[in-house]
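Have a look at the structure below before the remarks.
In our numbering, the protein residues as written are 65 to 577.
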């Protein structure tokens with residue numbers, strides 16, 4: 065198979081260093097064989113009429129014993145590999161994948177992500193026996209002991225430098241599988257400043273995670289001794305975006321400043337299912353003056369989640385919270401402390417909103433959380449209702465002072481009906497609730513004067529809700545007039561509204577302030 069190394073055409077404004085690095089990529093000697101053998105799908109392109117075919121993995125012609133089916137899996141008669149059968153057609157046929165190779169220049173380590181596109185058009189193969197593969201660089205990752213850079217080929221916009229942000233190679237730069245050329249990676253890493261990290265384990269990960277791992281190991285020397293301590297899970301948490309800041313200080317220069325624990329304590333925590341949670345919890349306990357043994361720590365982890373429970377720990381220690389949660393477990397389902405912690409968190413928030421003294425253990429650790437939570441919830445609801453009433457009273461006073469005086473002259477009683485402006489927020493809410501429509505939501509516009517709400521009643525039954533009318537004060541038009549459940553106007557009501565508009569509104573309406 066012949067390899068054609070291609071470069072994107074020069075574009076204005078693109079990163080010139082990336083262009084130079086792209087031209088200096090060092091490809092492995094076995095690159096063509098590796099692509100044919102491991103990266104691209106082995107194909108058997110056949111011509112049933114001539115009883116012959118061509119296998120791309122071996123670059124050889126073969127004789128067929130019988131006709132083949134399209135897209136079937138067959139064993140290559142030359143090397144024995146499983147190949148996909150593709151019929152000879154006049155159409156051009158392509159397949160593609162990606163590969164990441166590595167090379168080194170002094171202290172600088174480079175990873176090149178390459179897009180591979182193979183031209184396996186039968187016309188080319190059966191005429192001269194050649195298979196062509198085009199190679200395009202899509203990403204170049206430069207890693208040094210002091211800095212890291214990502215250069216991305218944005219195709220139509222040229223090369224750009226994205227600093228240290230590693231994008232997804234599997235779904236970002238590529239739309240297909242991306243392979244790691246492990247031989248070139250091992251050769252580049254051996255003897256480099258990253259030669260002592262456990263990259264062999266990460267070579268089993270996908271390509272994106274591997275590149276992120278090398279960036280992480282280059283940026284944080286702590287990766288090396290976390291691996292030696294058997295705490296690879298902390299590194300995995302960091303790679304996959306899970307929180308580690310409560311357990312690991314990634315800016316620390318040694319074990320103590322990184323984990324805040326002694327080597328003996330770290331060794332004891334290796335057996336925990338979630339070492340990050342165990343380390344974070346033990347550090348928090350020690351900071352508070354409590355050094356629990358492994359059994360006590362395991363019980364604390366079973367009951368608490370330090371990250372989720374940070375709201376509690378502003379007001380108490382881990383030991384106090386743990387003991388209180390244990391005492392309250394009998395009121396909840398055995399073995400499930402999450403509902404208990406959720407209710408306790410709500411209870412603490414309610415105490416803060418109600419202004420209770422959280423230094424008083426009588427309020428902080430009530431004998432029965434269920435009963436105390438019920439009392440504070442009822443008290444908070446009452447407080448909110450009172451605040452809402454106070455706000456509504458203030459808003460109503462503003463409405464009566466600034467807007468209502470301009471609407472009162474528009475009241476009218478005629479033909480057995482009377483119409484008058486709504487007097488308060490409470491009246492508007494009652495109107496919407498009784499009439500089963502949405503007029504209650506108009507209050508903000510009503511009190512600002514941008515719209516006006518009038519109530520229509522029968523003279524014979526003024527206490528009963530009848531119709532609700534919305535008037536536009538600017539152009540003196542009725543926006544809508546609805547009865548119960550948004551029903552339309554009757555002929556009598558429509559005639560009364562028309563009379564009101566012509567005899568009262570258009571003559572007396574003044575612009576509301």
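Positions of the beta carbon are idealized from the N, C-alpha and C atoms, including for glycine.
Exposure of residue i, with buried meaning 16 or more beta-carbon neighbours within 10 Å
i, result
"residue 70", "exposed"
"residue 461", "exposed"
"residue 271", "buried"
"residue 478", "exposed"
"residue 237", "Low confidence applies here, because residue 237 scores a pLDDT of 47, under 50, leaving its location unreliable and the question unanswered by this model."
"residue 161", "buried"
"residue 509", "exposed"
"residue 408", "buried"
"residue 457", "exposed"
"residue 309", "exposed"
"residue 489", "buried"
"residue 552", "exposed"
"residue 436", "buried"
"residue 117", "buried"
"residue 219", "exposed"
"residue 317", "exposed"
"residue 562", "exposed"
As assigned by DSSP and simplified to three states, the class of residue i
i, result
"residue 364", "helix"
"residue 97", "helix"
"residue 140", "coil"
"residue 68", "strand"
"residue 198", "strand"
"residue 114", "coil"
"residue 341", "helix"
"residue 206", "strand"
"residue 224", "strand"
"residue 369", "coil"
"residue 237", "With a pLDDT of 47 at residue 237, under the threshold of 50, the modelled position of this residue cannot be trusted, and the question is left open."
"residue 179", "strand"
"residue 545", "strand"
"residue 567", "helix"
"residue 215", "strand"
"residue 532", "strand"
"residue 23", "Only positions 65 to 577 of the chain appear in the structure, and residue 23 is not among them; the question remains open."
"residue 307", "coil"
"residue 556", "helix"
"residue 481", "strand"
"residue 458", "helix"
"residue 416", "helix"
"residue 151", "strand"
"residue 169", "strand"
"residue 359", "helix"
"residue 244", "strand"
"residue 421", "coil"
"residue 448", "helix"
"residue 393", "helix"
"residue 506", "helix"
"residue 83", "helix"
"residue 518", "strand"
Whole-Å CB distance - residue i paired with residue j, under 8 Å assumed
i, j, result
"residue 386", "residue 371", "The Cβ separation is near 15 Å, so there is no contact."
"residue 171", "residue 209", "6 Å"
"residue 352", "residue 383", "7 Å"
"residue 473", "residue 543", "At roughly 20 Å, the Cβ-Cβ gap does not stay under 8 Å, so residue 473 and residue 543 are not in contact."
"residue 298", "residue 312", "6 Å"
"residue 358", "residue 332", "6 Å"
"residue 495", "residue 519", "6 Å"
Nearest neighbour of residue i, chosen from the options [CA to CA]
i, options, result
"residue 142", "135, 171, 107 and 163", "107"
"residue 178", "105, 196 and 91", "91"
"residue 81", "181, 206 and 346", "206"
"residue 285", "306, 315 and 301", "315"
"residue 213", "248, 243, 244 and 174", "174"
"residue 367", "346, 334 and 402", "402"
"residue 281", "378, 97 and 260", "260"
"residue 125", "136, 132, 140 and 134", "140"
"residue 492", "516, 476 and 465", "516"
"residue 246", "165, 421, 304 and 485", "165"
"residue 338", "307, 328, 318 and 355", "307"
"residue 336", "523, 67 and 296", "296"
"residue 204", "181, 183 and 230", "230"
"residue 85", "97, 168, 122 and 305", "168"
"residue 104", "121, 115 and 475", "121"
Check: residue i C-beta below 7 Å from any heavy atom of the ligand MN
i, result
"residue 316", "As for the ligand MN, it is missing from this structure, which has no ligand bound."
Within the chosen definition, does the region 443-456 reach the region 427-435 through at least 3 CB pairs nearer than 8 Å? No, the region 443-456 is not in contact with the region 427-435.
For the region 408-419 against the region 438-445, are there 3 or more C-beta pairs whose distance is under 8 Å? Yes, the region 408-419 is in contact with the region 438-445.
Quick one: any contact between the region 132-147 and the region 218-225, if contact means 3 or more CB pairs under 8 Å? The region 132-147 vs the region 218-225: no contact.
When you compare the region 246-265 with the region 102-118, are there three or more beta-carbon pairs, one atom per stretch, that lie closer than 8 Å? No contact exists between the region 246-265 and the region 102-118.
Do the region 319-332 and the region 285-293 meet, that is, are 3 or more Cβ pairs less than 8 Å apart? Because the criterion of three Cβ pairs below 8 Å is met, the region 319-332 and the region 285-293 touch.
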